[in-house]
Amino acid sequence: MTSDEVALKALMIAGLEGDSAAHRMFLQRLSGQLRAFYKGKLLRIGRSAAEAEDLVQEALVAVHIQRDTYDPAELLTPWVYAIARYKLIDHLRRTRASLAHVPIDDAKGLLAEDDLVAAESAYDLEKLMAKLPQKMRVAIQCVKLEGLSVAEAAGKCGMSESAVKVNVHRGLRALAALIAREKET
Amino acid sequence: MRTDDLIAMLGTNVEPVNHRRVAQTVSSAIAIGAATSLGLTLVASGVRTDLNAVGAWTFLAVKLGFAVAIVAVGSVHLVRAARPGGERKTPISILTLPFIAMMVLAAISIAYAPSSHWSRMVVGDQWLECLVSIPVIAVMPFAAVVWAVRRSAPTSLERAGALAGLVAGGLSAVGYALHCTDDSLPFVALWYGAAVALCALAGAILGPRLLRW
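Chains E and D supply the protein sequences, listed in that same order.
Heads up: take any position in the first sequence, counting from 1, add 3, and you land on the numbering used here.
Heads up: take any position in the second sequence, counting from 1, add 2, and you land on the numbering used here.
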């Protein structure tokens with residue numbers, strides 16, 4: 004297997020065990036590969052590469068909220084590729100483009116290239132956050148943006164620790180759904 | 003939103019996750035589906051009353067074996083198909099094994115029976131009831147299984163939907179087998195097989211709508 008698979012998988016597994024630094028590094032490295040992947044795909048079907056960053060962020064959110072569907076006994080690359088490809092097809096469908104043919108046996112191509120030019124998407128996190136139910140917004144604000152521990156956030160928001168965790172998780176899922184809905188309008 | 007900011011947000015206070023959750027959720031949905039299927043059969047139609055008849059227990063065992071085999075093979079593949087990229091590891095050939103085995107048994111039993119019995123063995127008494135009951139009983143198990151798969155991230159929605167339908171159909175056949183009094187192998191192969199296949203087909207059609215994430 005490629006060194007990328009081995010290195011990324013190690014970071015992913017550390018992240019699954021709750022290592023924030025490893026998880027951040029994993030997402031960072033993955034974002035470069037996703038960016039190169041989406042730019043290539045979009046250009047090949049005659050769409051603007053500017054959409055790539057939206058897709059990169061969507062795929063990163065999906066990888067994060069679905070990370071418990073990764074089976075550590077399996078290779079990481081096909082799992083990531085399946086999500087990246089699913090999000091691309093979903094994006095093309097939602098933006099009403101003619102459905103492009105995205106070949107299924109292209110998993111190797113995903114980790115082959117890297118594009119680490121930091122970039123910005125069309126999404127406005129603050130506006131999206133404002134649409135979340137209050138509990139979810141507060142939980143994400145405290146735990147994910149201000150970096151308070153779950154225990155500190157629980158004390159500050161008057162929620163139990165498990166309620167904070169549930170609201171963070173549901174809030175991220177709701178954010179992903181808001182992003183998808185934004186495209187259709 | 004800058005991608006670096008998003009990564010910083012996602013990578014803050016990362017909780018450990020349970021990578022067995024998909025299998026656990028799908029298994030509990032299958033248990034719920036089995037309970038509703040058995041419950042509905044017991045309440046609505048009742049267990050067959052002729053279990054003293056010659057060979058009744060044998061045929062009950064065959065029907066249950068067929069249905070349980072479908073559920074067993076189907077649920078292993080359903081857990082795979084619920085995960086991103088899992089559709090690569092769900093070969094259709096293995097899923098048809100219980101059906102093929104049942105058809106082989108049916109063919110053998112027809113070959114040994116006098117030709118005057120053939121039409122009765124195939125059509126039975128309640129073929130229509132069987133063909134309708136199994137998909138109807140399958141609705142609740144299907145809902146339970148779809149709920150579980152929705153909590154995961156299938157990337158081939160048709161396939162995940164078809165597997166959800168297959169498992170629901172199998173669970174339903176487990177219940178219906180307790181009620182059914184048509185004791186012939188060709189009957190089981192044809193009508194049980196067709197009813198479960200119908201469930202899988204319905205699942206494949208509904209999958210893209212129900213399982214999108």
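Note that beta-carbon positions come from the ideal geometry of N, C-alpha and C, so glycine has one too.
Since the model is a prediction, treat every value here as computed from it, not as a measurement.
Beta-carbon gap between residue i and residue j smaller than 8 Å
{"i": "D/R82", "j": "D/G88", "result": "yes"}
{"i": "E/R173", "j": "D/I9", "result": "no"}
{"i": "D/L80", "j": "D/V148", "result": "no"}
{"i": "D/G35", "j": "D/A146", "result": "yes"}
{"i": "D/P18", "j": "E/E20", "result": "yes"}
{"i": "D/Y194", "j": "D/F68", "result": "yes"}
{"i": "E/F29", "j": "E/L11", "result": "yes"}
{"i": "D/G205", "j": "D/G167", "result": "yes"}
{"i": "D/M3", "j": "E/D127", "result": "yes"}
{"i": "E/E56", "j": "E/A154", "result": "no"}
{"i": "E/L135", "j": "E/L178", "result": "yes"}
{"i": "E/M15", "j": "E/Y89", "result": "no"}
{"i": "D/P156", "j": "D/A202", "result": "no"}
{"i": "E/D22", "j": "D/V16", "result": "yes"}
{"i": "D/T5", "j": "E/S51", "result": "no"}
{"i": "D/M123", "j": "D/A115", "result": "yes"}
{"i": "E/A156", "j": "E/C145", "result": "yes"}
Alpha-carbon spacing of residue i relative to residue j, whole angstroms
{"i": "D/T43", "j": "D/W129", "result": "17 Å"}
{"i": "E/R38", "j": "E/I92", "result": "16 Å"}
{"i": "D/L200", "j": "D/P137", "result": "7 Å"}
{"i": "E/A25", "j": "E/G158", "result": "27 Å"}
{"i": "E/L95", "j": "E/Y41", "result": "12 Å"}
{"i": "E/K138", "j": "D/K65", "result": "51 Å"}
{"i": "E/A166", "j": "E/V64", "result": "21 Å"}
{"i": "D/R153", "j": "D/N20", "result": "14 Å"}
{"i": "E/K168", "j": "D/S39", "result": "35 Å"}
{"i": "E/N170", "j": "E/V141", "result": "9 Å"}
{"i": "E/V97", "j": "D/L159", "result": "First, the amino acid is wrong: residue 97 of chain E is Arg here, not Val. Their Cα atoms are separated by approximately 16 Å."}
{"i": "D/F189", "j": "D/I94", "result": "24 Å"}
{"i": "E/T80", "j": "D/V141", "result": "36 Å"}
{"i": "D/R90", "j": "D/R23", "result": "20 Å"}
{"i": "E/L2", "j": "D/G209", "result": "Beyond the ends of chain E as shown, which are 4 and 188, falls residue 2 of chain E; an answer cannot be given."}
{"i": "E/G43", "j": "E/G35", "result": "12 Å"}
{"i": "D/T27", "j": "D/S118", "result": "50 Å"}
{"i": "D/L133", "j": "D/G41", "result": "19 Å"}
{"i": "D/A46", "j": "D/I112", "result": "33 Å"}
{"i": "D/P150", "j": "D/V198", "result": "Per the sequence shown, residue 150 of chain D should be read as Ala rather than Pro. In a straight line, the C-alpha of D/A150 is about 20 Å away from that of D/V198."}
{"i": "D/I102", "j": "D/L212", "result": "30 Å"}
{"i": "E/V9", "j": "D/A25", "result": "25 Å"}
Environment of residue i [buried if 16+ CB atoms lie within 10 Å]
{"i": "E/R47", "result": "exposed"}
{"i": "E/A53", "result": "exposed"}
{"i": "E/W82", "result": "buried"}
{"i": "E/A3", "result": "The displayed coordinates of chain E run from 4 to 188. Any statement about residue 3 of chain E would go beyond what the structure contains."}
{"i": "D/H13", "result": "Looking at the sequence itself, residue 13 of chain D is Gly, so the reference to His does not match. Its Cβ being crowded by 16 or more others within 10 Å, D/G13 is buried."}
{"i": "E/Q60", "result": "buried"}
{"i": "E/M4", "result": "Legend: pLDDT at E/M4 = 42, less than 50; position of this residue unreliable, value from coordinates given subsequently. Flag for E/M4 reads exposed."}
{"i": "D/R217", "result": "Residue 217 of chain D lies beyond the stretch modelled for chain D, which goes from 3 to 215, so this question has no answer here."}
{"i": "D/N54", "result": "exposed"}
{"i": "D/R161", "result": "buried"}
{"i": "D/S121", "result": "exposed"}
{"i": "D/T51", "result": "exposed"}
{"i": "E/V216", "result": "Since the displayed chain E opens at 4 and closes at 188, residue 216 of chain E lies outside it and no answer follows."}
{"i": "E/A180", "result": "exposed"}
{"i": "D/S30", "result": "exposed"}
{"i": "E/S163", "result": "exposed"}
Selected residue, minimal CA-CA separation from residue i, among the options
{"i": "E/D7", "options": "E/G21, E/L19 and E/L33", "result": "E/L33"}
{"i": "D/A175", "options": "D/A191, D/G209 and D/A164", "result": "D/A191"}
{"i": "D/P100", "options": "D/L213, D/A204 and D/A196", "result": "D/A196"}
{"i": "E/A17", "options": "E/E56, E/S51, E/R70 and E/Q60", "result": "E/R70"}
{"i": "D/W59", "options": "D/H181, D/W215 and D/M11", "result": "D/H181"}
{"i": "D/L187", "options": "D/L97, D/V73 and D/A109", "result": "D/A109"}
{"i": "D/T7", "options": "E/S163, E/K147 and E/A180", "result": "Rather than Thr, the amino acid found at residue 7 of chain D in this sequence is Asp. Out of E/S163, E/K147 and E/A180, E/K147 has the C-alpha closest to the C-alpha of D/D7."}
{"i": "D/A74", "options": "D/D185, D/I96 and D/N15", "result": "D/I96"}
{"i": "E/L131", "options": "E/L175, E/E164 and E/S51", "result": "E/L175"}
{"i": "D/T183", "options": "D/T5, D/S29, D/A63 and D/A33", "result": "D/A63"}
Where the alpha helix (DSSP H) through residue i begins and ends
{"i": "E/V59", "result": "A55 to I68"}
{"i": "D/W59", "result": "A58 to A83"}
{"i": "E/Y84", "result": "L79 to R97"}
{"i": "D/P100", "result": "L99 to Y114"}
{"i": "E/G35", "result": "S23 to R47"}
{"i": "D/Q26", "result": "R23 to L42"}
{"i": "D/K91", "result": "No alpha helix (DSSP H) holds D/K91; DSSP gives it neither H nor E."}
{"i": "D/A55", "result": "Careful: D/A55 lies outside any alpha helix (DSSP H) and carries neither H nor E."}
{"i": "D/E17", "result": "Premise fails: D/E17 is in no alpha helix (DSSP H) and is neither H nor E."}
{"i": "D/S135", "result": "W129 to I139"}
{"i": "D/D6", "result": "T5 to L12"}
{"i": "E/V146", "result": "Premise fails: E/V146 is in no alpha helix (DSSP H) and is neither H nor E."}
{"i": "D/H119", "result": "No alpha helix (DSSP H) contains D/H119, which DSSP labels as neither H nor E."}
{"i": "E/C160", "result": "V153 to C160"}
{"i": "D/P210", "result": "G195 to L212"}
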